[in-house]
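Enquirer:
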Amino acid sequence: SVTFPQPSISGPALTADGTPIRLCANVERPEDVQFAWREGAEALGLVRSELLLGGQPIGDVSEQIQADAYRAILEHAGDREVTIRTFDITPEEMGVPELLDVEPRERLGMRGLRLGLARPELLERQLRALVRAGQGRNLRVMFPFVTSADEVSRATAMLQAQAERLGLPAPPAGAMVEVPAAALDAERLARHAAFLSIGTNDLTQYTLAADRSDVRVQHLYDPKHPAVLKLIRMVLRGARRHGRRVAVCGEMASDAALLRVLIGLGLREFSMAATSLRQAREAVRQCSIADARDTALHALYEGDVIVPTT
Ligand code: PEP
Ligand code: MG
């Protein structure tokens with residue numbers, strides 16, 4: 252049975268001046284969902300489907316096994332919103348070696364939604380499994396590693412077509428913004444996407460050309476770099492033009508000072524590791540929107556993050 256948390260940490264987190272901030276959890280396994288609710292998550296903001304399925308190659312996993320895996324997560328969510336991301340993997344992990352590069356260009360080549368569009372039968376299978384699992388649930392589907400509005404409209408049309416084929420309604424489909432091109436063109440992306448979710452892990456590494464797993468350039472990997480913050484602001488503006496919700500689902504949100512910057516930029520929705528939720532809720536409680544705006548403006552124009560000690 253599904254149980255939801257004690258009242259002290261349920262519902263939206265409120266800033267010092269009473270603005271609701273939606274805190275959600277990134278979850279990879281059904282057995283972790285209950286923990287997320289206990290830690291005060293309002294929803295599951297990012298489920299990385301490739302981690303949910305495990306094993307390789309993922310392209311071979313049947314529609315039925317996929318639908319069961321997605322259902323296992325959704326069953327623990329009652330009517331709460333769950334955002335499942337389609338596979339964000341390489342051809343090797345997908346099991347389509349013919350699309351492997353001779354000289355792999357790590358994370359700049361064939362992966363994420365590109366790979367899904369290059370092998371539509373595999374993406375369609377995943378979308379059918381998601382449509383089936385999402386019946387009667389509050390599911391959203393999200394596409395990773397998007398670089399253009401055209402990709403979003405093609406993937407969304409694919410989702411609609413698969414839902415029609417099954418005679419079932421299609422869940423809303425959103426796009427991750429984790430490549431500078433997607434942030435710069437967010438307004439057009441937002442026309443085709445039901446919602447946007449900013450993946451600051453990748454957005455930081457691509458904006459600063461600093462591989463997040465390369466220790467030699469770790470000192471250059473900085474999510475509060477003004478260039479990254481300016482891109483985030485563009486995403487908010489683009490989403491607003493079309494009345495779309497926008498969240499941040501990268502690690503950045505779990506840092507209290509950076510969470511304040513993001514709130515100051517205008518974000519009201521975050522998804523993070525469930526283990527970070529309590530301290531994020533506390534950080535939200537301690538910040539007012541006016542102070543957060545000052546912190547954000549300073550970060551944008553002076554390049555450093557100052558948190559007032561009140
Ligand atoms: C991101 O890039 O910020 C993100 C949330 O996705 P992942 O960490 O899975 O690349
Ligand atoms: Mg990413």
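Just so you know, the sequence shown maps onto residues 252 to 561 in full-length UniProt numbering.
Ideal Cβ placement from N, Cα and C applies to all residues, glycine included.
#1: Which first and last residues belong to the beta strand (DSSP E) in which residue 373 is found?
#2: Can you say whether residue 306 is buried or exposed, counting buried as having 16 or more other CB atoms within 10 angstroms of its CB?
#3: Taking Cβ positions, are residue 331 and residue 277 nearer each other than 8 angstroms?
#4: Looking at the secondary structure, which residues open and close the beta strand (DSSP E) in which residue 334 lies?
#5: Using the Cβ count rule (16 or more neighbours within 10 Å means buried), how would you classify residue 381?
#6: Kindly indicate which residue of 483, 524, 419 and 348 has the alpha-carbon position closest to the one of residue 289.
#7: Can you tell me whether residue 299 is helix, strand or coil according to DSSP?
#8: Look at the alpha carbon of residue 469 and the alpha carbon of residue 460, and state the distance between them as a whole number of angstroms.
#9: Can you give, in chain order, each stretch of the beta strand (DSSP E) that sits fully within the region 480-520 and has at least 3 residues?
#10: Once you ignore the five residues that flank residue 481 on each side, which residues in its own chain have a CB closer than 6 angstroms to its CB?
#11: Under 6 angstroms Cβ to Cβ from residue 314, same chain only, skipping five residues before and after it: list those, please.
#12: Starting from the C-beta of residue 472, find all residues in its chain whose C-beta is less than 7 angstroms away, skip the five residues before and the five after it, and write them out in chain order.
#13: Smallest Cα separation from residue 428: which of 421, 538, 402 and 416?
#14: Does the beta carbon of residue 429 fall short of 7 angstroms from some heavy atom of the ligand MG?
#15: Just the C-alpha distance for residue 336 and residue 318, rounded to the nearest angstrom, thanks.
Expert: The relevant details are as follows:
#1: Run containing residue 373: none in the beta strand (DSSP E); it sits in the alpha helix (DSSP H), 371-384.
#2: Exposed, because fewer than 16 other Cβ atoms sit within 10 Å of the Cβ of residue 306.
#3: Not in contact: residue 331 and residue 277 (Cβ atoms no closer than 8 angstroms).
#4: 332-336
#5: buried
#6: 524
#7: In the structure shown, residue 299 sits in a strand (DSSP, three-state: E or B).
#8: 11 angstroms
#9: 496-499
#10: none
#11: 376, 379 and 380
#12: 455, 456, 459, 461 and 463
#13: 402
#14: Because some heavy atom of the ligand MG lies under 7 angstroms away, the Cβ of residue 429 counts as near it: yes.
#15: 14 angstroms
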